[in-house]
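Here the structure comes first, spelled out in structure tokens, and everything after it is commentary.
Structure below.
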């Protein structure tokens with residue numbers, strides 16, 4: 009039985025379809041991101057929206073589609089929308105933060121090797137009909153020092169792979185992280201930059217990470233060191249990097265993410281790094297392997313399906329997390345988001361006591377602004393309970409599962 013519609017944008021892998029269909033959704037795909045006007049029209053009647061990194065969902069757009077229950081970001085990042093704004097709407101947002109870890113890590117290690125051997129330059133020369141066999145400027149990675157900025161799931165996986173190549177690994181993170189293998193933490197970013205032959209960045213897009221690697225940081229790197237950014241386009245100042253490459257202070261770079269990226273394939277693209285020697289440019293393909301995209305599709309779709317069918321918000325990046333067992337067959341489940349202000353829960357219990365409602369289970373989680381309450385009730389009470397819950401002035405969103 010179909011109970012809603014899912015719209016999946018930007019070529020999301022078809023492995024998501026069966027998962028969402030099992031939750032009662034019909035699924036429609038679009039191969040690319042849509043303009044605001046086109047997306048506004050396409051969202052009519054949509055229950056669940058799936059996006060990747062190119063889509064932008066403004067508060068004004070969401071205002072016009074209050075029936076949208078959940079958004080799946082089929083990628084790591086969730087900067088397609090304002091998460092606090094989503095929370096205030098009771099709009100659950102989910103992502104897939106770990107499914108492409110291996111793919112990004114493998115690309116990073118491939119770039120470490122390629123930069124040390126200047127493979128991009130040698131390949132381009134042969135394509136241009138130039139034979140230039142030389143060992144000048146080519147190095148093994150064994151024994152070289154890799155500095156990892158951000159030691160999360162991707163950074164730590166890069167660490168393991170680099171050590172298998174015989175590299176010395178340093179890392180820096182704002183939070184204490186357990187070192188894997190023989191990796192060594194550094195007490196500052198400056199120390200990591202000064203001691204590394206190649207630096208790779210794996211941090212999220214946050215106010216604290218924007219222009220994290222700028223002119224000052226690049227000046228603090230070893231002469232001839234190399235820089236890799238497969239994280240977010242806002243993290244590295246490309247103009248400063250371009251200047252350092254042209255001056256010969258930096259020996260090479262690999263960049264997969266950019267401050268501004270085309271929305272569609274074959275759209276024009278420009279970067280100050282274009283045409284520079286020993287620079288590898290890729291079109292944001294770090295997680296673009298068939299294995300990663302299939303895993304992302306299953307992961308994000310499974311979270312959306314559990315939310316739709318059970319009310320679980322485990323791993324949500326917007327609303328309070330509640331993980332709970334499936335409702336029993338003879339019970340109905342009521343999901344209630346409300347503003348987190350004093351007295352709401354007390355009034356809720358008073359209203360339910362007035363109708364002698366038999367509540368068989370209750371779950372609650374709150375953040376500073378929003379609370380999420382889940383009630384399991386007996387079938388003969390569900391209508392009255394739902395009406396009482398809906399009458400609470402602080403209610404943001406409410407729905408019933410049967």
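Numbering (our numbering), first residue to last: 9 to 410. Glycine included, each C-beta is placed from N, C-alpha and C at the ideal position.
Residue pairing by DSSP puts residue 385 in a beta bridge opposite 340, 367. For residue 73, no alpha helix (DSSP H) segment is defined, and its DSSP state is neither H nor E. Setting aside the 5 residues that flank it on each side, residue 286 is surrounded in the same chain by 123, 126, 128, 129, 259, 260, each with a C-beta closer than 7 Å to its C-beta; the list follows chain order. When DSSP states are grouped into helix, strand and coil, residue 168 belongs to the helix group. In this structure, DSSP gives residue 112 a helical state, which the three-state scheme calls helix. The residue among 321, 269, 372, 347 with its C-alpha nearest the C-alpha of residue 79 is 321.
DSSP, reduced to helix, strand and coil, places residue 398 within a helical segment of the structure shown.
Counting of Cβ neighbours within 10 angstroms places residue 345 among the buried residues, the total reaching 16 or more. Boundaries of the alpha helix (DSSP H) harbouring residue 315: 298-318, taken from the DSSP string. Under DSSP, no beta-bridge partner is assigned to residue 44.
For residue 156, the enclosing beta strand (DSSP E) begins and ends at 153-157. Straight-line spacing of the CA atoms in residue 242 and residue 217 works out to 8 Å. Going by beta carbons, residue 55 and residue 77 fall inside the 7 Å limit. In the structure shown, residue 248 adopts helical secondary structure according to DSSP, grouped into three states. Scanning its chain for C-beta atoms nearer than 7 Å, with the 5 sequence neighbours on each side dropped, one finds around residue 168 the residues 188, 189, in chain order. Residue pairing by DSSP places residue 177 opposite 154 in a beta bridge. DSSP places residue 234 in the uninterrupted beta strand (DSSP E) bounded by 234-237.
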